[in-house]
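Chains as they are written, first to last, in the numbering used here: chain A, 88 to 202; chain B, -11 to 100.
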């Protein structure tokens, strides 16, 4: 079974631009979560989607948004990029939504660099 | 605010030696705690998950312990291998909450 895939793997943008990241979950998984990872802050929860609906959201500004499609694939968008948005963006999928024991499977991440 | 403190921040050990990583958390009420291993440039991979009623859980050479009363967990690695070089992240989860609080991790380097 193929794992979680994320595209692109690397991205370089300049301040003020916008970016869209893509995540394809494991087949059959309906929950997709997004995380930002930086050396100083570690992993921080962005949002979670289930059945095309955002179910949970972390403490990030409105510049960060996302959506999920009917095939469970998800995209994350960051508008008006700032230098501080440089990070590894990780996507994780799980079988169901909000089930404590469900394992989240992470993708390899998209490394975003903002210049 | 839920917090997770992991120690040490980084650790270097010789191949074949054992080591123990610590995690203190404030999440309450508590549901479960996971340990993840994250290789450089890769996404985290779940090693173990323990609920509040479990004291210990093993996965090969990895053994996690949990004391829900003192809100402490540890990850013990036995007979370390070069491939154990990675960051190990502690993630407690609150009961009734989806929000996960990630520790900043312990960076382990195993040297020959």
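Ideal Cβ placement from N, Cα and C applies to all residues, glycine included.
**Asked** In chain A, which residues lie with their C-beta within 7 Å of the C-beta of residue 32 of chain B?
**Response** 193
**Asked** Which chain B residues sit within Cβ distance under 9 Å of residue 196 of chain A?
**Response** Simply 29, 30, 31.
**Message:** Runs of 3 residues minimum, wholly inside the region 128 to 180 of chain A: which ones carry the beta strand (DSSP E) assignment?
**Reply:** 129 to 137, 140 to 144, 151 to 155, 161 to 165
**Item:** Limits of the beta strand (DSSP E) - the one that residue 9 of chain B falls within
**Value:** 7 to 13
**Prompt:** Between residue -4 of chain B and the rest of its own chain, which residues show a CB-CB distance below 7 Å, the 5 nearest in sequence each way excluded?
**Reply:** 94
**is_contact[residue 93 of chain B, chain A] using C-beta, thresh 8 Å** = Contact with chain A is found for residue 93 of chain B, since one of that chain's Cβ atoms lies less than 8 Å from the residue's Cβ.
**Contact set between residue 77 of chain B and chain A, taken where Cβ atoms lie within less than 9 Å** = 129, 130
**Request:** Verify the CB distance criterion: does residue 98 of chain A have a CB-CB separation below 8 Å to chain B?
**Result:** For residue 98 of chain A, the answer is no, since every Cβ of chain B falls outside 8 Å of its Cβ.
**Request:** With DSSP as the reference, label residue 72 of chain B as helix, strand or coil.
**Result:** The answer is helix: DSSP assigns residue 72 of chain B an H, G or I state.
**Request:** Just the C-alpha distance for residue 168 of chain A and residue 77 of chain B, rounded to the nearest angstrom, thanks.
**Result:** 28 Å
**Prompt:** Do the region 132 to 149 of chain A and the region 192 to 201 of chain A meet, that is, are 3 or more Cβ pairs less than 8 Å apart?
**Reply:** No, because fewer than three Cβ pairs between the region 132 to 149 of chain A and the region 192 to 201 of chain A fall closer than 8 Å, the two stretches do not touch.
**Asked** Under 8 Å between C-beta atoms, does residue 88 of chain B make it to chain A?
**Response** yes
**Asked** Helix, strand or coil: how does DSSP classify residue 42 of chain B here?
**Response** coil
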